[in-house]
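Taking it in order: structure first as structure tokens, then the write-up.
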Amino acid sequence: MQATLARRMMWVLWPAFLAAGLAEAVFFTVFDPFELHFFGAPLEMSRQAIYTMGFFGFWGLGAIASACTLWLAQPPAADSRHGGDASPS
Numbered sequence: 008m009q010a011t012l013a014r015r016m017m018w019v020l021w022p023a024f025l026a027a028g029l030a031e032a033v034f035f036t037v038f039d040p041f042e043l044h045f046f047g048a049p050l051e052m053s054r055q056a057i058y059t060m061g062f063f064g065f066w067g068l069g070a071i072a073s074a075c076t077l078w079l080a081q082p083p084a085a086d087s088r089h090g091g092d093a094s095p096s
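So the sequence shown is residues 8 to 96, counted in our numbering.
Structure follows, in structure tokens:
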């Protein structure tokens, strides 16, 4: 059970990690961190802190997308009303 959970976590986190690296490279190639504003106020952090927050933000979005994909890829549960057959009538 624990090995299955670890494997599913890697199915979610590894593609999200790769996507976050690519997204951060593209985003911060286009935008300068010191020109970003959050609710109208400039970010009062170092460049490295903004890059770090951006990476973890992109990683979180990628993890949510990967988790949704994993959830949607699961086979449907058997419907007990039809004698355990999940196929439509």
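Even for Gly, the Cβ is constructed at its ideal location relative to N, Cα and C. Treat the numbers as computed from the prediction; the structure is a model and nothing was measured.
- One thing to note: A70 has its Cβ no nearer than 9 angstroms to the Cβ of L29.
- Leaving aside the five residues that flank F35 on each side, the residues in its chain whose CB is nearer than 7 angstroms to its CB run, in chain order, Y58, G61.
- Looking at the DSSP output, P40 bridges to nothing.
- L68 places its beta carbon less than 9 angstroms from that of A27.
- The beta carbon of L50 sits closer than 8 angstroms to the beta carbons of P40, F41, L43, H44, I57 from its chain, once the five residues preceding and following it are set aside; these are given in chain order.
- In the displayed model, P22 falls within a helix according to three-state DSSP.
- Between S73 and W18, the CB-CB gap stays under 9 angstroms.
- Here DSSP, grouped into helix, strand and coil, assigns F46 to coil.
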